[in-house]
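In what follows, a single structure is set out as structure tokens and then discussed.
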Amino acid sequence: SLLVLVGNCMSVSPRKKNEPPLVKGFIPWLGHALEFGKDAAKFLTRMKQKHGDIFTVRVCGHYITVLLDPNSYDAVLDDTASLDFSRYAQVLKQRIFNLRLPNHNPDTERAWMEQHFQGPSLARLSSRMHLHLQTLLREEERSCSPAEWRQDGLFSLCYSLLFRAGYLTLFGTEKSNNVTELAAVYKEFRKFDGLLTKLARSTLKQEEKRTASLSQERLWELLSPAWLSRGKGSESIDHGLNSSSWQQSYLRHLQREGVDTEMQRRAMLLQLWATQGNAGPAAFWLLGFLLTNPEAMRAVKEELRGLALQEDGSLQHHLLDTLEHHSTPVFDSVLSETLRLTAAALINREVIQNTTLRLASGQEYHLRQGDRVCLFPFLSPQMDPQIHHDPQTFQYDRFLNADGTEKKKFYKDGERLKYYTMPWGADKNMCVGRHFAVSGIKQFAFMVLSRLDLELCDPTATVPPVNPSRYGFGMLQPDGDLEVHYRLKTLH
Ligand code: HEM
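Residues 860 to 1351 (this note's numbering) are what the sequence shown spells out, left to right.
This is how it looks when you write it as structure tokens:
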């Protein structure tokens, strides 16, 4: 096949002295785009085995230098004068979301985001999330009875519940919690999400292009509050004042930044994806690993019992308080281990002026203006056998010390690592919603485990394989699903 040819015809030559080795693809302009898009983890693992921790590949006319040594990541992250993080992000925003923000200031945006996902705002969001999760789960329960098992795919169960709760928390207003609309947003979002990696790589077929753009239009429509469509800009702000959702404040922020109404509408879809696209898949992998690792499930349930809530086992009432006041090291380790195995974002930088990268090994490499640099923490540190023993295997206590405290010491070549797992990215790419994400996933998992009997339909089933086209886009998603059945727990 063509890919075999590509593999056989590769040659390595430095472009200039002191530049990283250049791995030429067989197809001159396209370079390694096909392999990259098909399964970036597999391709980059092969390159790492052949060429080491730094090399340059060609993808669609661009030179991309890939660095895979976590001890050297700071050399890239700290060089903010020569390595720019926002330009390539803008390119992707335009390609995926048709979003152009001409006067965009990434620093103000980030400051706004941080302010709204920490302190009192975070507490308010977490408690709203709790309320919505509880209500949605109650609805789910109402349709179950203690005697009757219901069957579903675990991925669709987790994604749909967390998406809906998260949407109501950030985008809902008191009067807009319309069940039909919620279902429509979720359904349309999943359609769009399914085409997102192809949109980003510009590899949609004609038919898919039409579907993607219809889906986009529909979501812009569904997501824009009535007052935004009616109004012509900033004078419409007041219509939204009496409800103060996160979405409304964000729109006001965009208006202050001078973003026009059309781009405000489009920005909503980007934010829907950033805020709702990862937690559902993460909850799926977490419950999936627990269900397929009985020892881990026992340990988590024991920790849950240790929280000693209400006698009837329903801890819903005080769940949020309890989680705030009790540590849950076993659950935390399970979550870290889950994310180590399934969080796979790429960290991109554009070289805006020639610079020299000094690696931890002492070696120096020139980087050329106009090229891109890319870190892929999923391969290293997360799946690096020199750092994590047997990295393909889920070990629920990997992030626990023998005394039950959080394990933070990991080594490579005898050197202690600053970055031993990076599900949230780093530096300017660090997820601003991570505390909210952890809180939501934890609440969801504990609610499900305490209120439902949840079992695999096939007790010998394993978690499904990863959809390999999603490497580079945050949380991975499964190819297929894991069938489960559940029923309401009988109370003692
Ligand atoms: C950005 C991971 C859940 C809000 C990011 C980035 C990563 C990430 C790696 C950086 C992307 C980049 O710049 O290339 C995750 C993971 C999650 C999760 C693994 C769940 C397990 C959430 C949730 C929210 C959220 C629940 C909010 C409700 C955001 C936002 C950004 C972001 C707003 C963009 C930040 C910016 O523009 O500077 N996330 N995320 N994330 N995340 Fe998360």
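Backbone N, C-alpha and C define an ideal beta-carbon position, used for all residues, glycine too.
For R1023, the CB contacts under 7 angstroms within the same chain, skipping 5 residues up- and downstream, are L995, L1041, Y1045 in chain order. Taken through DSSP and simplified to helix, strand or coil, V1307 comes out as helix.
DSSP places C1017 in the uninterrupted alpha helix (DSSP H) bounded by 1013 to 1030. Going by beta carbons, P880 and F902 fall outside the 8 angstroms limit.
Relative to the ligand HEM, A1042 has its C-beta separated by 7 angstroms or more from all heavy atoms. Setting aside the 5 residues that flank it on each side, A1141 is surrounded in the same chain by I1300, M1334, each with a C-beta closer than 6 angstroms to its C-beta; the list follows chain order.
Its chain contains P929, N930, P1240, I1246, F1269, Y1270 as the residues whose beta carbon lies nearer than 8 angstroms to that of L1276, once the 5 sequence neighbours on both sides are disregarded; these appear in chain order. Straight across, the Cα-Cα distance linking Q977 with A1133 is about 17 angstroms. The criterion of a C-beta distance shorter than 8 angstroms is not satisfied by Q953 and R946. Rounded to the nearest angstrom, the gap between the Cα atoms of F1253 and E1162 is 19 angstroms. Secondary structure at K1271: strand, using DSSP grouped into helix, strand and coil. Beta-bridge annotation (DSSP): H1225 is paired with T1215. Taking 8 angstroms as the cut-off, the Cβ atoms of V1210 and S941 count as close. Counting C-beta pairs closer than 8 angstroms gives three or more between the segment 1149 to 1164 and the segment 1297 to 1311, which meets the contact rule.
DSSP, read as helix, strand or coil, puts A1126 in helix.
Under DSSP, I923 shares a beta bridge with V916, R1231. Distance from the C-beta of F1295 to the nearest heavy atom of the ligand HEM is below 7 angstroms.
Relative to the non-hydrogen atoms of the ligand HEM, the Cβ of T1319 never comes closer than 7 angstroms to any of them.
Remark: the shortest separation between the CB of A1204 and any heavy atom of the ligand HEM falls under 7 angstroms.
By the neighbour-count criterion, in which 16 or more other beta carbons inside 10 Å mark a residue as buried, V950 falls on the exposed side.
DSSP places I1206 outside any alpha helix (DSSP H); the residue lies instead in the beta strand (DSSP E), whose first and last residues are 1206 to 1210. Taking the Cβ of R969 as the reference point, at least one heavy atom of the ligand HEM falls within a distance shorter than 7 angstroms.
Per DSSP, R1199 lies in no beta strand (DSSP E); the unbroken alpha helix (DSSP H) holding it starts and ends at 1188 to 1201. When DSSP states are grouped into helix, strand and coil, Y1345 belongs to the strand group. When DSSP states are grouped into helix, strand and coil, P1005 belongs to the coil group.
When beta bridges are read from the DSSP output, M1334 appears opposite A1202. Taking non-hydrogen atoms of the ligand HEM into account, the C-beta of V925 is found less than 7 angstroms away from none of them. Remark: the shortest separation between the CB of C1290 and any heavy atom of the ligand HEM falls under 7 angstroms. Taking 8 angstroms as the cut-off, the beta carbon of R1310 is found no closer than this to the beta carbon of P1005.
In the same chain as N1213, and ignoring 5 residues on each side of it, the C-beta atoms closer than 8 angstroms to its own belong to S941, H1225, L1226, R1227, Q1228, in chain order. Taking a 10 Å sphere around the C-beta of T1349, we find fewer than 16 other C-beta atoms and assign the residue as exposed. T1032 and V1189 have their C-alpha atoms spaced approximately 36 angstroms apart. Using a Cβ-Cβ distance cut-off of 8 angstroms, the segment 1287 to 1297 and the segment 1104 to 1111 are not in contact, since fewer than three pairs of beta carbons, one from each stretch, lie closer than that value. Taking all protein chains in view, the Cβ of W888 is surrounded by fewer than 16 other Cβ atoms within 10 Å, so the residue is classified as exposed. Under the three-state reduction of DSSP output, E1116 falls in the coil class, being neither helix nor strand. G1339 carries a coil assignment under DSSP once its states are collapsed to helix, strand and coil.
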